[in-house]
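Heads up, the thing below is written out as structure tokens.
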């Protein structure tokens, strides 16, 4: 094992060896006993220098292997995950009235979402464990990324998903040869059934809150953003929040970079939930316990009524002196158009919720416009075309006649 | 202008200056008078060496600027186009019974198809020309790539598309802020109306057969494949064929590399059309003139009954001592599953037609299994989920009950 020292429970602090099969802390249980991967930073620091990276021609998450919990010469998932582009969003910055804005399009991962980063780690660990079947419950993206990464190396996958998952995501799964179990119920029901099945049949577990290695994959989004911006981290980094793993993983990436000296300050994290399903936001706001909620938002990838990793999400917000905010579905659809029009990026609803949240936080005066901002678009809009159409409207329909065209375009002020 | 000497008509050989607004040869007309971009290879050779590329940290089509018809310090489309992954497809090679097979996933371009390569060039040339509006007719991918690339730099777009274009592609267009004109009719009708409008209102023309610069963008797919394979080109390179521009551009890329000495042999090209719409195949097979055909295939991106660039496609096949073949829609759907299951890549029907064609050509004994093959997946399956579902089937639907799950999985032999 590379530079990993051990796994550590975020509740009780107990330490465990970093075996590929590790899940949660036996003492604290599967809900609260989430494990952190602890690295020997002094060793990482020697390997992962700015100079070494400038020479490194691997442009994928494996670029950061010294900071990942994988065997140096072990097997790897075969898809090219990561090194998605980070754009300077000048026109979007102007429209939002901020000085500097960067957008990272993680919808350009192989199965079109940020979740590929976690699944590539999951598949790699499954190979290390000698597993032949991997499984997870997912609202969609974790599943399709798992199925795609598993197919790339010949592993079997069993996927449990809530019945509301959009058709595009289901098509991906089936195409990748996964066994797809659509559970009549919500995400919670699918998650519970997957846990029973995984422990019953001994499959490799890719549920993100249970498997301590997956957030380590997710953190590569921050490692990349920092490197792509010349190690100058924005004042604020914005993520949509569902289960809590992504923002937790992203924060972990910045902390790692700070610990090994590659960045000299940490960003503040803005977590955005959909108003129709915001249990982590409400726990943060009310400083109280997490209460289950219904899943009433079109942003299906962050519609998680019983989030499994609120601890890591809240740690990211609190440790970074960050903020949380909620946005309506209308604001999300409007952000889709805004992002498409100003940057040529088509994000899925959950994927653009960060843009909607940034806009709202600026409008509410919670953020200073002269600061710099980084927003990660976590999934591709092609995954959920129905909502894309809802946001975008319909095309002009005309016969092939230039006179008709002229009239229509005139009415719209185009000619 | 970089290293471009002039434009040359492929029919009469007349030469023209390489202005951004250039279209077709006035002497030979817009159908036959297609222009080639002619480079000063002796100059390109000095700039584009293996050593220079090994040092070059630009991982996009602009990596190959010395071989592109763009101003060295001019404006650029802002999306990160190109440098898509080329995978070694070992399990797919085994299933097809060939020695060596490489798959390049061009669905990972910013708007999810190879067409981004052409549109990035088109938008760059439109900026050079000082245009404010760009337009094209398209079955979908050329349009969405144009709209996305144009949005990235603030250009207006007007898109003409046939009414059958799939919803995912239409949603992308609208999201990118394009004016979308759905023409009641086929691709031919949309193309004709776009030509009238473009000349009437003086917009910048991104119709691929008319605009001589677009295939130059497309050729970057070959430049990348060659570099990613260590300058060892496969014996055969396979493309699906619709309008003819893509395979024509791809061949041009290999010829360029050969001329400047970066590769020491040329591949043979296999062009694949859908059996339900194969006018270029039939012209090649019968050595006769091109006859219009109906557009009867689910592979909408290559359903072009009156192809506008059959000349460059046929030149690619003939000059490379290549072949053409047709495949049924069933073979295309089957290739989608095969590719997903063995590589974790979800391609759209036209995008995987190359895989289907390779399989058929091997079955018919037209190719030698001990040779090496490269296939380019030209578009992402998420663009056309309806056909994805058609190919993939439906998920298992069960209540959240482990006993029911056990029975269902037992029946399928999974547990």
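Residue numbers (this note's numbering), protein chains in the order written: chain A, -7 to 407; chain B, -7 to 407. Glycine included, C-beta positions come from ideal geometry on N, C-alpha and C. The structure displayed is predicted, hence computed values, not measured ones.
Quick one: what does DSSP say residue i is sitting in, helix, strand or coil?
i: residue 339 (chain B); result: strand
i: residue 276 (chain A); result: helix
i: residue 238 (chain B); result: helix
i: residue 398 (chain A); result: helix
i: residue 39 (chain B); result: helix
i: residue 205 (chain B); result: coil
i: residue 353 (chain A); result: helix
i: residue 215 (chain A); result: helix
i: residue 157 (chain A); result: coil
i: residue 256 (chain B); result: coil
i: residue 140 (chain B); result: helix
i: residue 223 (chain B); result: coil
i: residue 366 (chain A); result: strand
Measure the Cβ-Cβ separation of residue i and residue j and say whether it is below 9 Å.
i: residue 258 (chain A); j: residue 207 (chain A); result: no
i: residue 93 (chain B); j: residue 84 (chain B); result: yes
i: residue 49 (chain B); j: residue 380 (chain A); result: no
i: residue 201 (chain B); j: residue 248 (chain B); result: no
i: residue 265 (chain A); j: residue 316 (chain A); result: yes
i: residue 175 (chain B); j: residue 204 (chain B); result: no
i: residue 63 (chain A); j: residue 28 (chain A); result: no
i: residue 231 (chain A); j: residue 344 (chain A); result: no
i: residue 406 (chain A); j: residue 148 (chain B); result: yes
i: residue 240 (chain B); j: residue 304 (chain B); result: yes
i: residue 121 (chain A); j: residue 141 (chain A); result: no
i: residue 10 (chain B); j: residue 61 (chain B); result: yes
i: residue 145 (chain B); j: residue 109 (chain B); result: no
i: residue 383 (chain B); j: residue 329 (chain B); result: yes
i: residue 260 (chain A); j: residue 313 (chain A); result: yes
i: residue 75 (chain B); j: residue 51 (chain A); result: yes
i: residue 102 (chain A); j: residue 185 (chain B); result: no
i: residue 100 (chain B); j: residue 115 (chain B); result: no
i: residue 117 (chain B); j: residue 134 (chain B); result: no
i: residue 104 (chain B); j: residue 371 (chain B); result: yes
Please list the terminal residues of the continuous alpha helix (DSSP H) segment that includes residue i.
i: residue 98 (chain B); result: It is not in any alpha helix (DSSP H) - residue 98 (chain B) carries neither H nor E in the DSSP assignment.
i: residue 88 (chain B); result: 82 to 88
i: residue 171 (chain A); result: That residue, residue 171 (chain A), is in no alpha helix (DSSP H); its beta strand (DSSP E) goes 171 to 175.
i: residue 114 (chain B); result: 107 to 120
Terminal residues of the continuous beta strand (DSSP E) containing residue i?
i: residue 265 (chain B); result: 260 to 266
i: residue 0 (chain B); result: -4 to 1
i: residue 293 (chain B); result: Residue 293 (chain B) -> no beta strand (DSSP E), and no H or E assigned at all.
i: residue 187 (chain B); result: First-last for residue 187 (chain B): 179 to 193, but that is the alpha helix (DSSP H), not the beta strand (DSSP E).
i: residue 129 (chain B); result: 125 to 129
i: residue 32 (chain B); result: No beta strand (DSSP E) holds residue 32 (chain B); DSSP gives it neither H nor E.
i: residue 69 (chain A); result: Careful: residue 69 (chain A) lies outside any beta strand (DSSP E) and carries neither H nor E.
i: residue 381 (chain A); result: Careful: residue 381 (chain A) lies outside any beta strand (DSSP E), inside the alpha helix (DSSP H) at 377 to 384.
i: residue 309 (chain B); result: Unbroken run through residue 309 (chain B) is the alpha helix (DSSP H), 302 to 311; no beta strand (DSSP E).
i: residue 314 (chain A); result: No beta strand (DSSP E) holds residue 314 (chain A); DSSP gives it neither H nor E.
Once you ignore the five residues that flank residue i on each side, which residues in its own chain have a CB closer than 8 Å to its CB?
i: residue 355 (chain B); result: none
i: residue 286 (chain B); result: 268, 269, 297
i: residue 309 (chain A); result: 239, 261, 263, 276, 315, 316
i: residue 87 (chain A); result: 330, 334
i: residue 229 (chain A); result: 214, 217, 242, 246, 259, 260, 261, 262, 365, 366, 367, 368
i: residue 32 (chain A); result: -5, -4, -3
I'd like the list of long-range same chain contacts for residue i, defined as Cβ closer than 6 Å, with 5 residues on each side in sequence excluded.
i: residue 161 (chain A); result: 132, 136, 375
i: residue 56 (chain A); result: 212, 215
i: residue 274 (chain B); result: none
i: residue 157 (chain A); result: 132
i: residue 171 (chain B); result: 150
Applying the 10 Å Cβ sphere with the 16-neighbour rule, what's the burial state of residue i?
i: residue 78 (chain B); result: buried
i: residue 292 (chain B); result: buried
i: residue 422 (chain B); result: The shown model of chain B, from -7 to 407, leaves out residue 422 (chain B), and the question about it has no answer.
i: residue 98 (chain B); result: buried
i: residue 444 (chain B); result: An answer regarding residue 444 (chain B) cannot be provided, because it is not within the stretch -7 to 407 covered by chain B.
i: residue 4 (chain A); result: exposed
Return the chain-ordered list of same chain residues with a C-beta closer than 7 Å to the C-beta of residue i, the five sequence neighbours on each side being excluded.
i: residue 143 (chain B); result: 168, 169
i: residue 390 (chain B); result: 396, 397, 400
i: residue 319 (chain B); result: 264, 266, 267, 345, 348, 349, 352
i: residue 180 (chain A); result: 297, 298
i: residue 288 (chain A); result: 268, 269
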